[in-house]
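Under our numbering, residues 2 to 299 are what the sequence shown spells out, in order. All C-beta atoms, glycine included, are put in the ideal place defined by N, C-alpha and C. Data block below; observations after.
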Amino acid sequence: MSAPLLMVLATLLFATMGVCVKLASAYYGAGEIVMYRGLVGTLFLFALSRAKGLSLKTAVPAMHFWRSLSGVIALSLWFFAISKLPLATAMTLNYMSSVWMALFLIGGAVLMGAAKVDPRLIITVLLGFVGVGLVLQPAMEDQQVWHGLAGLASGMLSAMAYLQVTSLGRAGEPEFRIVFYFSMGGVVAGALTTIVSHGGWHGHTWTGAALLLAVGVLATAAQLLMTRAYGTGKPLVNASLQYLGIVFSALYGVLIFGDLLGLLSWLGILLIVVAGLGATLLRARNTPKDAQHSVQES
């Protein structure tokens, strides 16, 4: 399949995973879902590496640790947000990562004493946070403020994880190895979180177990498709198509959960998408081509 088609399919699978996470949250905590998602990914990638004779040994374990830590926390916060927020809202807040990266770029320029910061980047950041205010307004009214803030924080930490993935790519680490250690980190962190917060694991029903398996399979398949898309396609096209995940999530939200977003929420989503695309375009003009091909873990 072509890279754009791979990317569209990946976003559809990620949105479908979001549906399964929301349904599974009725049976399990966010930490448990993260743990089982990571377990499926770890086992699959281990089997894949053995079958293809690929090495999982790394020379930069510390880099993998910090990437996994930020990524797993971001994933846990995102799953927590999905459990209560409308699916499209939670997906949009997580996709704020591009805007956060623009903010990091501005902060870095200021700290380095740059004489001038691109005003267009400042505009995209401000536009994105105006959108956040509009998206979070219904959550505040419904006493879901902590879930809204969790979704917002997940986007920020996803941006940090993305930058660390870029560093790992420059260090020569292949994508499958990065995803493997991230998945393994999810198993460990999810298990510890579950023990601390719940004192142990929930029992399984057939429905609950099927949802956990679906979350793991969908996430792993989507990540592999996205990795392939970024490896063969144009980064800006892929980044633009990634926002289709919001559209798919909105459709799922209406059809399955009866989510009805107001006009201001849709306006906020539109502003965040425009800001994210603008930030991606501006950042790409100042990013080496090898870094552009690094894949973001969703």
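Inter-residue CB distance, residue i and residue j (contact presumed, cutoff 8 Å)
i	j	result
isoleucine 83	valine 22	5 Å
glycine 72	glycine 191	Not a contact, Cβ separation roughly 12 Å.
threonine 195	methionine 36	6 Å
glycine 217	arginine 38	5 Å
aspartate 1	leucine 237	Summary: the structure shown does not reach residue 1, with the chain confined to residues 2 through 299, and so no result is reported for it.
For residue j and residue i, the rounded distance between their alpha carbons
i	j	result
lysine 117	valine 275	23 Å
alanine 25	isoleucine 34	8 Å
proline 5	leucine 242	7 Å
histidine 203	tyrosine 29	7 Å
histidine 294	leucine 49	Here histidine 294 scores only 45 on pLDDT, less than 50, and its place in the model should not be relied on; the value that follows carries that caveat. Using only the alpha carbons, I get a separation of about 22 Å.
leucine 264	leucine 271	11 Å
alanine 268	glycine 134	Checking the sequence shown, residue 268 turns out to be leucine, not alanine. Each residue's alpha carbon lies about 10 Å from the other.
lysine 53	phenylalanine 47	10 Å
serine 77	serine 155	8 Å
glycine 277	leucine 122	10 Å
leucine 55	alanine 223	20 Å
methionine 92	serine 3	25 Å
leucine 245	threonine 12	6 Å
glycine 279	threonine 125	6 Å
leucine 226	alanine 240	14 Å
leucine 106	methionine 113	10 Å
tryptophan 79	serine 250	14 Å
lysine 58	methionine 8	29 Å
glycine 108	threonine 233	32 Å
valine 111	valine 188	38 Å
glutamine 145	isoleucine 257	20 Å
leucine 252	tryptophan 67	35 Å
valine 180	leucine 193	20 Å
8 Å CB neighbourhood of residue i in its chain, flanking five on each side removed
i	result
valine 61	Leu169, Ala172, Glu174
threonine 208	Tyr28
serine 198	Gly30, Gly32
glycine 201	Thr195
lysine 235	Ala4
Reference residue i; option with closest CA among the options
i	options	result
glutamate 176	Thr228, Leu55, Leu49, Phe105	Thr228
valine 136	Leu10, Leu94, Trp207	Leu94
phenylalanine 130	Tyr163, Leu193, Gln145, Leu153	Leu153
arginine 51	Ile257, Leu225, Arg178	Arg178
tyrosine 163	Ser98, Ile107, Leu256, Ser198	Ser98
valine 166	Ala63, Val189, Leu150, Leu10	Ala63
leucine 10	Ala230, Gln145, Leu127, Ala151	Ala230
Close Cβ partners of residue i (< 7 Å) along its chain, the five nearest in sequence each way excluded
i	result
threonine 221	Val41, Gly42, Phe45
aspartate 260	Pro87, Leu88, Ala89, Gly254
leucine 219	Leu14, Thr17, Met18, Cys21
proline 139	Gly263, Ser266
isoleucine 247	Ala89, Met92, Thr93, Tyr96, Ile270, Val274
serine 184	Gly39, Gly42, Thr43, Leu46
valine 296	Because the pLDDT at valine 296 is just 40, under 50, the model does not fix this residue reliably, and the value given afterwards should be weighed accordingly. If we look at valine 296 and ignore the five residues flanking it on each side, its Cβ neighbours are Val166, Glu176, Met227, Thr228, Tyr231.
Cβ neighbours of residue i in the same chain (closer than 6 Å, five flanking residues each side left out)
i	result
tyrosine 182	His65, Ser69
histidine 148	Ala82, Lys85, Leu86
histidine 205	none
glycine 132	Gly269, Leu272, Ile273
alanine 151	Leu78, Phe81, Ala82
Next item on the list: Would you check if the segment 8 to 22 and the segment 153 to 162 touch, i.e. whether three or more CB-CB distances between them fall below 8 Å?
Entry: As far as the Cβ criterion goes, the segment 153 to 162 does not touch the segment 8 to 22, which means the pair count is below three.
Margin query: Within 8 Å, do at least three Cβ pairs link the segment 204 to 220 to the segment 93 to 107?
Written below: Not touching, per the Cβ criterion.
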